[in-house]
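Asks: Under our numbering, the first residue of the sequence shown is numbered 4, with each subsequent residue one higher. Shown below is the structure under consideration.
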Amino acid sequence: MTYNTLTNLYTVTEGTDNEVYVVDANGQLISQFDTAGFGSDFTTNIFYNSLTDQYPITDSTDGVPYIISTSGAFSSSFSSGGYASDPYGIAYNSLTEQYAIVDRIDDEVYIVNTVSGNLEAQCDTALLGSPVARPTVALSTLRSYNHPKSNTRGGKLWQTVRLRWKDIE
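Shown next, in the form of structure tokens:
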């Protein structure tokens with residue numbers, strides 16, 4: 004999930020149905036687009052890059068981060084197969100102009116060049132001392148949980164969910 008600062012909208016990936024959903028702050032669906040058309044069959048994370056007005060997304064089944072326009076048009080991609088076996092999250096550092104790609108299998112964060120995708124640095128997240136295996140998913144990926152303490156506000160269902168390290172697998 005990411006927030007687009009130019010449009011004031013949220014963007015959510017859904018890997019199992021190959022869709023990206025754009026919603027407003029009230030949860031109303033504004034638009035959606037399919038990711039399978041440009042090769043992404045299991046999107047795992049999305050990030051809004053305000054400098055380029057594009058979305059980098061990760062796909063954990065093919066090891067390819069894709070760069071797409073805010074309307075869903077394919078722009079570019081690069082292989083992370085040489086370093087990330089399961090790219091599960093992505094973020095952009097505007098100061099260094101690099102992507103950080105989270106790999107939950109390798110317990111690593113890979114810092115890569117935004118143009119070439121070449122590996123420039125990496126960080127072993129297992130050294131951070133998480134009490135569970137593969138904690139990197141918590142850095143970038145939201146999980147869906149049904150929580151028994153849900154309530155209704157303004158006719159819309161809202162759920163209160165507290166994630167703890169033990170909840171994330």
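All C-beta atoms in this analysis are idealised placements derived from N, C-alpha and C, irrespective of residue type, glycine included. Keep in mind that this is a model prediction, so the values were computed, not measured.
#1: Give the DSSP-derived three-state secondary structure of G92 in the structure shown.
#2: Taking the alpha-carbon of N7 as reference, which of F50, L32, N29 has the nearest alpha-carbon?
#3: Considering just the uninterrupted stretch of the beta strand (DSSP E) at N11, what are its terminal residues?
#4: Between Y102, S82, V67, A124, which lies nearest to T117 when the distance is taken from Cα to Cα?
#5: Would DSSP call L122 helix, strand or coil?
#6: Which residues in the same chain have their Cβ closer than 7 Å to the Cβ of E17, if we skip the five residues on either side of it in sequence?
#7: Do the CB positions of N48 and V105 come within less than 9 Å of each other?
#8: With a threshold of 8 Å on Cβ separation, who are the neighbours of N121 within its own chain once the five nearest residues in sequence on each side are excluded?
#9: If distances are taken between C-alpha atoms only, which option among V67, A76, C126 comes closest to S88?
#10: Can you give me the C-alpha to C-alpha distance between P134 and D62, rounded to a whole angstrom?
#11: Report buried or exposed for S83, applying the criterion of at least 16 other Cβ atoms within 10 angstroms of its Cβ.
#12: Note down the Cα distance separating I70 from T64, rounded to an integer number of angstroms.
Replies: In short:
#1: Here residue 92 refers to the residue found at position 89 of the sequence shown. In the structure shown, G92 sits in a strand (DSSP, three-state: E or B).
#2: To locate residue 7, count along the sequence shown from 1; it is residue 4. Out of F50, L32, N29, the CA that lies nearest to the CA of N7 is found in F50.
#3: Residue numbering aside, residue 11 sits at position 8 when the sequence shown is read from its first letter. Careful: N11 lies outside any beta strand (DSSP E) and carries neither H nor E.
#4: Residue numbering aside, residue 117 sits at position 114 when the sequence shown is read from its first letter. The shortest C-alpha separation from T117 is found at Y102.
#5: As a first step, residue 122 is located in the sequence shown; it is residue number 119 there, counting from the start. If DSSP states are grouped into helix, strand and coil, L122 belongs with the strands.
#6: Residue mapping note: residue 17 aligns to position 14 of the sequence shown, counting from 1. Non-local C-beta neighbours of E17 in its own chain, meaning closer than 7 Å and more than five positions away in sequence, comprise Y24, ordered along the chain.
#7: In the sequence shown, the residue the question calls residue 48 occupies position 45. In the sequence shown, the residue the question calls residue 105 occupies position 102. A contact, by the Cβ cut-off of 9 Å.
#8: Working through the sequence shown from its first residue, we reach residue 121 at position 118. Cβ within range, chain order: V115.
#9: By 1-based counting over the sequence shown, the position of residue 88 is 85. For S88, the nearest C-alpha among the options comes from V67.
#10: Counting from one through the sequence shown, the residue named residue 134 turns up at place 131. Counting from one through the sequence shown, the residue named residue 62 turns up at place 59. In this prediction, P134 has a pLDDT of 45, which is less than 50 and means its spatial position is unreliable; nothing more can be read from the coordinates.
#11: Counting from one through the sequence shown, the residue named residue 83 turns up at place 80. In this structure S83 is buried. Its beta-carbon is surrounded by 16 or more other beta-carbon atoms within 10 angstroms.
#12: As a working mapping, residue 70 is identified with position 67 in the sequence shown. As a working mapping, residue 64 is identified with position 61 in the sequence shown. For I70 and T64, the distance between alpha carbons rounds to 16 Å.
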